[in-house]
Structures are given as C-alpha cells and as structure tokens.
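S.K.: This is the structure I have questions about; it appears just below.
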Amino acid sequence: MGSPHTNGSTAKLLEALLASAREAGAQTERVDLAGLKMEFCRGCVQCYRTGRCVRKDDVEQIKEQMLAADGIVLGSPVYIRSVS
Numbered sequence: 071m072g073s074p075h076t077n078g079s080t081a082k083l084l085e086a087l088l089a090s091a092r093e094a095g096a097q098t099e100r101v102d103l104a105g106l107k108m109e110f111c112r113g114c115v116q117c118y119r120t121g122r123c124v125r126k127d128d129v130e131q132i133k134e135q136m137l138a139a140d141g142i143v144l145g146s147p148v149y150i151r152s153v154s
C-alpha cells in the first residue's frame, strides 16, 4: 500500500479486498510502503550493468516478494483527483 495513512480509506478498502481473498483460500500479505526505507533513483545506470541497484534499501526485499507472488494488488490513495 502506498498511502502514509496506514488506517485511512485506502487501507480499509485494501483490507476488505484481502479479507475476501483469504476467505476464498488465498494467502495474503499486506506491505505498507510508508514503513519501509526506499531511496530515489540517482540515475547511475549501475542496475543496467549488474541487474542490481546500488542503493541499500528495502526495494530488493519487495522485489523478491513480488516475483514470488501469484498476484499483486496495489493500493494507492487519490490526492487532488489524481493517483499518487
């Protein structure tokens, strides 16, 4: 989930969706990006050469979780009538 409000409207909608998925037998995990360390790209293009970012943050963990998942649901709040 991309909202900094971990109990806001986006979180409530996402939790309802995840609960329905669990009832249908799916294993779910909610990842709140607001609680993770994520740095901006600095444009060094090292990832093109090695396949890995030089930044040491939580993105690698999230990437591995996403690659292992059968499905992904993204929760993003709307600010000023636009997706954040």
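Numbering (my numbering), first residue to last: 71 to 154.
Note that the Cβ used here is the ideal one computed from N, Cα and C, for glycine as well.
On the DSSP bridge list, what partners appear for Y149?
M.R.: DSSP output for Y149 lists S152 as bridge partner(s).
S.K.: Which of the three DSSP states, helix, strand or coil, is assigned to F96?
M.R.: Correcting the residue type first, residue 96 is Ala in the shown sequence and not Phe. In this structure, A96 counts as coil in the three-state DSSP scheme.
S.K.: Is the beta carbon of L84 sitting closer than 7 Å to the one on G145?
M.R.: The answer is yes: Cβ separation under 7 Å.
S.K.: Ignore the nearest five residues each way along the sequence and tell me which others in K106's own chain have a CB closer than 6 Å to its CB.
M.R.: Here residue 106 is Leu; the residue named in the question, Lys, does not match the sequence. D128.
S.K.: Which of helix, strand or coil does DSSP assign to L144?
M.R.: L144: coil per DSSP, three-state reduction.
S.K.: Between the Cα of S73 and those of R92, G95, R100, spot the shortest distance and give me the residue it belongs to.
M.R.: If we check each option's Cα against that of S73, R100 comes out closest.
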